[in-house]
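Below you'll find the structure, written out as structure tokens, and then a few comments.
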Amino acid sequence: MESTGGARPTSTVQELAGAHGKPDVPARYVSRSHHENGQHPTAAPVPVIDIGRLFKQEGAAAADGEEAKLRQALESWGLFLVTNHGVDTSVMDGMMVASREFFRQPPEEKQRYINLIGGERFQLEGYGTDRVSSAEQILDWSDRLYLRVEPEDERSLALWPAHPQTFMNLLHEFTTKCRVVKDGLVQAMARLLGLDDDYIMDQFGEKADTYARFSYYPECPRPELVFGLKPHSDGSVLTVLMVDDTIGGLQILRDGVWFMYQLFLTPC
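For our numbering, add 2 to where a residue sits in the sequence shown, where the first one is 1.
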């Protein structure tokens, strides 16, 4: 869980954004490949999967039809929007509000959860930036709070924000609700491969890790020069993403072309 970082920035991106009064960003955040690439992502349709139908709540025929849509979504994009998922709107809205309130707190309050041990050694969990490996590394224009939520008995609760006071309970409830969705999706994927429902789940064991990441992207004076989050492939089996419905920016690479997704939170 720990590793030694190198040449870390002295301020969070949120602090940099608040301090800059001129239209410029530090060189360490300028991504030349992004700056030199004039490509503008095109809008892309978002495959939609009805979780209730997929989980056989409306009968076998409806589930079969939804599984066919899931297969198409996985083979064509690897990303899809879920509806009828059972995660209460109040929980999603509450989690979004609580995360915003956390990042609005004074720097000294957020520093209580810093992801640096002794101010130097990087640990995966906590508040700050991603791991910095060298002085030449181009940094993302974002801060994050990263927490292990499963297994429940391995949570580092000292790194879970005490303020806002609703944060801990909301994250626990959100995790519990999302577990039903992600487990059901993995079981459906196993069926698509001709495997038993629990085949993939069994490979994880009883202590599979699940992490929650809260990303904050401060307004940038030169957004064309930076990445909020650089191009990457998630290292997880499945990512359940809840987006801020007031801010865009989610993109996916397909066949060498970047596509922009316009995702909006929908009722359960």
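We treat Cβ as the ideally placed atom computed from N, Cα and C, and that holds for glycine. Being a predicted model, the structure only gives us computed values, none of them experimental.
The C-beta distance from residue 227 to residue 32 rounds to 5 angstroms, short enough to fall under 8 angstroms. With contacts defined as CB atoms closer than 8 angstroms, residue 211 and residue 150 qualify as a contacting pair. With a beta-carbon spacing of about 7 angstroms, residue 97 and residue 173 fall inside the 8 angstroms limit used to define contacts. For residue 155, the number of other beta carbons within 10 angstroms of its own is below 16, and it is reported as exposed. Comparing alpha-carbon positions, the option among 45, 100, 64 and 82 lying closest to residue 54 turns out to be 64. Taking 8 angstroms as the upper bound for CB-CB distance, residue 82 and residue 49 are in contact here, some 4 angstroms apart. Residue environment for residue 87: buried (at least 16 other C-beta atoms within 10 angstroms of its C-beta).
Shown here, residue 145 sits in a strand according to DSSP, grouped into three states. Residue 164 and residue 56 have their C-alpha atoms some 37 angstroms from each other. Secondary structure of residue 164 (DSSP, three-state): coil.
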